[in-house]
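**Q** I'd like to ask you about the structure that follows.
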């Protein structure tokens, strides 16, 4: 079975990390899986090429000039004619559009589309109309969570029998107690903090979706109660300058540490006492799995797929989005109880091992392919 995956890449974040793990797993199972990335010349994504090649994933890079690029369509058609896949698998909106039409022009019958998020633009009438057509034409779909599956059916018009849930999985190796202690000491030293400082972490893009202003305000509310608590934010994005100004305006500049984009962000989590994910919407949240792999408890919004990942009161605490008071209360509860943090971290690790392995993700994806090809 030969499958070509297509995705537009502007950075390596959740969907891209997921895809690298998935393709490596498919190849190990004997699938001839290949990757095509669509990139802008200003962001050539050399690191994505390197990451794919390090995992021995065949990868091709095509440049996209704008959202509607007919030259790219013909280049993609030529590539698919040359590679002759049994099936094309698209990820995110640009790949859905270019991938479907290029596949049809190349004479490829089967196209599968993955849904990674319930992006807000997809609610707009013209996008809903377009997606209804795409779902009629595609052979099947994969949703990374039950909430995204419902979104695809209710908002985009996908037929229920056409879309299957295959949740993210990650490659996890439990860090030793010594490794965690070393990570904690190293990060605190780099930040110039005492060894007993409490670190609340966020690993995310600095965009509206992630609810960072609510985390900053919640930190302000617990500042006096927990003078040793600091917020560490790893990531970048369009709201970076605005958020820094907000932190200063709240009098939190000395309590918030901006690390920027980090290739080792997942490993940084071992140094956190807890992870914050106060998102306004979320397709899945791969960062939640990465925290669970390091036995870090999570405080997150009860939106999207997050309740499918985090069990309230067990592996973390769920709050309503934008509820600063509840967020501050949850932060205070966990910061004040080290034993509870450890207990929730262990339960999260156990849930990860049971529900979110790469093996389950790969087997679920292959089952979708086989059903379509049969």
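Numbering (the working numbering), first residue to last: 270 to 643. Here a beta-carbon is modelled for each residue, glycine too, at the ideal position from N, C-alpha and C.
Less than 9 Å between the beta carbons of residue 558 and residue 576, yes or no?
**A** For this step, residue 558 is matched to residue 289 along the chain shown. For this step, residue 576 is matched to residue 307 along the chain shown. Cβ atoms of residue 558 and residue 576: not closer than 9 Å.
**Q** Kindly confirm or deny that the region 617 to 636 and the region 561 to 568 touch, where touching means at least three C-beta pairs closer than 8 Å.
**A** Yes: at least three Cβ pairs fall under 8 Å.
**Q** Figure out for me which residue from 323, 335, 338 and 355 has the closest Cα to the Cα of residue 639.
**A** Working through the chain shown from its first residue, we reach residue 639 at position 370. Among 323, 335, 338 and 355, the Cα nearest to that of residue 639 belongs to 355.
**Q** Tell me whether residue 504 is buried or exposed, calling it buried when 16 or more other Cβ atoms sit within 10 Å of its Cβ.
**A** Residue 504 sits at position 235 when you count from the first residue of the chain shown. Buried: at least 16 other Cβ atoms inside 10 Å.
**Q** Check each candidate in 585, 532 and 567 and name the one with the smallest Cα separation from residue 282.
**A** As a first step, residue 282 is located in the chain shown; it is residue number 13 there, counting from the start. Of the listed residues, the one whose Cα sits closest to residue 282 is 532.
**Q** So, at 7 Å on beta carbons, what are the nonlocal neighbours of residue 513 in its own chain, with the 5 sequence-adjacent residues on each side left out?
**A** Mapped onto the chain shown, residue 513 falls at position 244. Contacts found: 527.
**Q** DSSP puts residue 591 in a beta bridge; with which residues?
**A** In the chain shown, counting from the first residue as 1, residue 591 sits at position 322. Its beta-bridge partners do not exist; DSSP assigns none.
**Q** Apart from the five residues on each side of it in sequence, which residues of its chain come closer than 8 Å, Cβ to Cβ, to residue 326?
**A** Start at 1 with the first residue of the chain shown, and residue 326 comes out as number 57. Contacts found: 289, 292, 293, 296, 302, 303 and 304.
**Q** Quick check on this structure: which residue in 457, 613, 447 and 280 has the alpha carbon closest to the alpha carbon of residue 645?
**A** Past the edges of the chain, shown from 270 to 643, lies residue 645, and the structure says nothing about it.
**Q** Could you name each continuous beta strand (DSSP E) segment of 3 residues or more that falls completely within the region 513 to 557, going from the start of the chain to the end?
**A** Runs of the beta strand (DSSP E) inside the region 513 to 557: 525 to 529 and 543 to 546.
**Q** So the alpha helix (DSSP H) residue 324 belongs to, where does it begin and stop?
**A** On the chain shown, position 55 is the one that residue 324 refers to. Where residue 324 is concerned, there is no enclosing alpha helix (DSSP H), given that its DSSP letter is neither H nor E.
**Q** Measuring straight from C-alpha to C-alpha, what distance separates residue 595 and residue 636?
**A** Here the question's residue 595 lines up with position 326 in the chain shown. Here the question's residue 636 lines up with position 367 in the chain shown. If you take the alpha carbons of residue 595 and residue 636, they lie about 41 Å apart.
**Q** Looking at residue 541: is its Cβ nearer than 9 Å to the Cβ of residue 469?
**A** Residue numbering aside, residue 541 sits at position 272 when the chain shown is read from its first letter. Residue numbering aside, residue 469 sits at position 200 when the chain shown is read from its first letter. It is a contact, given that the beta carbons lie within the stated cut-off.
**Q** Quick one: grab the DSSP three-state call for residue 504.
**A** Taking the first residue of the chain shown as position 1, residue 504 is located at position 235. It is coil, neither helix nor strand.
**Q** Do residue 550 and residue 387 have their C-beta atoms closer together than 9 Å?
**A** Along the chain shown, read from residue 1 onward, the residue named residue 550 stands at position 281. Along the chain shown, read from residue 1 onward, the residue named residue 387 stands at position 118. Contact flag set, yes.
**Q** Can you give, in chain order, each stretch of the alpha helix (DSSP H) that sits fully within the region 468 to 506 and has at least 4 residues?
**A** Counting whole runs of 4 or more residues, the region 468 to 506 contains the alpha helix (DSSP H) stretches 481 to 491.
**Q** Quick test of your reading: residue 277 and residue 361, contact by CB under 8 Å. State the CB separation rounded to the nearest angstrom.
**A** For the purposes of this step, residue 277 is taken as the residue at position 8 of the chain shown. For the purposes of this step, residue 361 is taken as the residue at position 92 of the chain shown. Yes, residue 277 and residue 361 are in contact; Cβ-Cβ is about 6 Å, under 8 Å.
**Q** According to DSSP, what are the bridge partners of residue 309?
**A** The residue you call residue 309 lines up with position 40 of the chain shown. Paired residue(s): 312.
**Q** Let me check you understand the geometry: is the CB of residue 574 closer than 8 Å to at least one non-hydrogen atom of the ligand SAM?
**A** The ligand SAM is absent from the structure shown, which contains no ligand whatsoever.
**Q** Cutting at 7 Å between CB atoms, please list the residues of its own chain near residue 620, excluding the five before and the five after it.
**A** Position 351 of the chain shown, counting from 1, holds the residue named residue 620. Contacts found: 561, 580 and 584.
**Q** What span of residues does the alpha helix (DSSP H) with residue 293 cover, start to end?
**A** One-based indexing of the chain shown puts residue 293 at position 24. It spans 283 to 297 - the alpha helix (DSSP H) in which residue 293 sits, taken as one unbroken run.
**Q** Residue 501 to residue 378, Cα distance in whole Å?
**A** Taking the first residue of the chain shown as position 1, residue 501 is located at position 232. Taking the first residue of the chain shown as position 1, residue 378 is located at position 109. Going from the Cα of residue 501 to the Cα of residue 378 covers about 48 Å.
**Q** Determine the DSSP secondary structure at residue 379, reduced to helix, strand or coil.
**A** Working through the chain shown from its first residue, we reach residue 379 at position 110. DSSP places residue 379 in coil when its eight states are reduced to three.
**Q** Looking only at its own chain, which residues have a Cβ that is under 8 Å from the Cβ of residue 485, when we skip the five neighbours before and after it?
**A** Sequence index remark: in the chain shown, residue 485 carries index 216 (1-based). Cβ neighbours of residue 485 beyond the five flanking positions: 500, 512, 515, 516, 519, 521 and 525.
**Q** Out of 324, 368, 590 and 298, point me to the one whose CA is closest to residue 306's CA.
**A** As a first step, residue 306 must be located in the chain shown, where it is residue number 37. The option with the nearest alpha carbon to residue 306 is 368.
**Q** From 330, 374, 332 and 274, pick the residue whose C-alpha is nearest to that of residue 350; which is it?
**A** Position 81 of the chain shown, counting from 1, holds the residue named residue 350. The shortest C-alpha separation from residue 350 is found at 374.
**Q** Alpha carbon to alpha carbon, how far is residue 454 from residue 448? Give it in angstroms, no decimals.
**A** Sequence index remark: in the chain shown, residue 448 carries index 179 (1-based). Sequence index remark: in the chain shown, residue 454 carries index 185 (1-based). Their Cα atoms are separated by approximately 10 Å.
**Q** Tell me which residues share the same chain as residue 437 and place their Cβ nearer than 7 Å to its Cβ, disregarding the 5 neighbours each side in the sequence.
**A** Counted from its first residue, the chain shown places residue 437 at position 168. Closer than 7 Å at the Cβ level, and outside the excluded window around residue 437, lie 287, 413, 553, 555, 558, 625 and 630.
**Q** Mind checking residue 479: buried by the 16 CB within 10 Å criterion, or exposed?
**A** Looking up residue 479 in the chain shown gives position 210. Buried: at least 16 other Cβ atoms inside 10 Å.
**Q** Whole angstroms is fine: what's the gap from residue 273's alpha carbon to residue 427's?
**A** Here residue 273 corresponds to residue number 4 of the chain shown, with the count starting at 1. Here residue 427 corresponds to residue number 158 of the chain shown, with the count starting at 1. Roughly 22 Å between the two C-alpha positions.
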